[in-house]
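One structure is given below, encoded as structure tokens.
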Amino acid sequence: MIQWPCIFKLEGDDELMYLASQSQLEAEFEALIWSDDDYLIDSQGRRFSVQRAKGGELAFEATSCVFTSDEVTLLIQAHEFSKAEVCLTKIHFLSVSDAIHSLSNQN
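Quick note on numbering: the working numbering labels position 5 of the sequence shown as 3, and the sequence is numbered without any gaps.
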């Protein structure tokens, strides 16, 4: 089960999408073009693959990959670097949940 909030990572792009809830995810995915290589990271650091289930609804499958706070921090640093708005050396988080919550004010 996904622990909200979470972030969505598009493969080949440093931009991250903050998703506060299942309903926000469903609204965003209506217009989003995504691939099998894209993934979701929940507040516990768990990685989920995204698939279309029968009937067209979204299905998320937990993988064996679990991100550390350092790994999520690196993703957020790359995200912020692509926007060139924040000093990267000041970006550090003690937990995956803290890292994901840091993106909440960017939507």
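Even for Gly, the Cβ is constructed at its ideal location relative to N, Cα and C.
Query raised in the report: Do Ala60 and Phe46 have their CB atoms nearer than 8 Å?
Result: yes
**Report entry** Residue from Ser93, Ser102, Trp32 and Gly54 with nearest C-alpha to Phe65
**Finding:** Ser93
Report task. Entirely within the segment 6 to 39 and at least 4 residues each: give me those alpha helix (DSSP H) ranges in chain order. Result -> 20 to 27
Query raised in the report: According to DSSP, is Glu69 helix, strand or coil?
Result: helix
Requested in this report: List the whole-angstrom C-beta distance separating Ser62 from Gln1, where the pair is believed to meet the contact cut-off of C-beta under 8 Å.
Outcome: Wrong, their Cβ atoms sit about 17 Å apart, outside the cutoff.
Query - Cα-Cα separation between Ala76 and Gly54, rounded to whole angstroms - result: 32 Å
Query raised in the report: In the DSSP assignment, what residue or residues form a beta bridge with Phe115?
Result: Since the displayed the chain opens at -1 and closes at 105, residue 115 lies outside it and no answer follows.
Query - Opposing strand residues paired with Cys4 [DSSP bridges] - result: Leu17 and Asp40
Query raised in the report: Straight-line CA distance for Ser19 to Tyr37?
Result: 16 Å
Report task. Report, in whole angstroms, the separation of the C-beta atoms of Leu56 and Ile74, which I expect to be a contact under 8 Å. Result -> Not a contact, Cβ separation roughly 24 Å.
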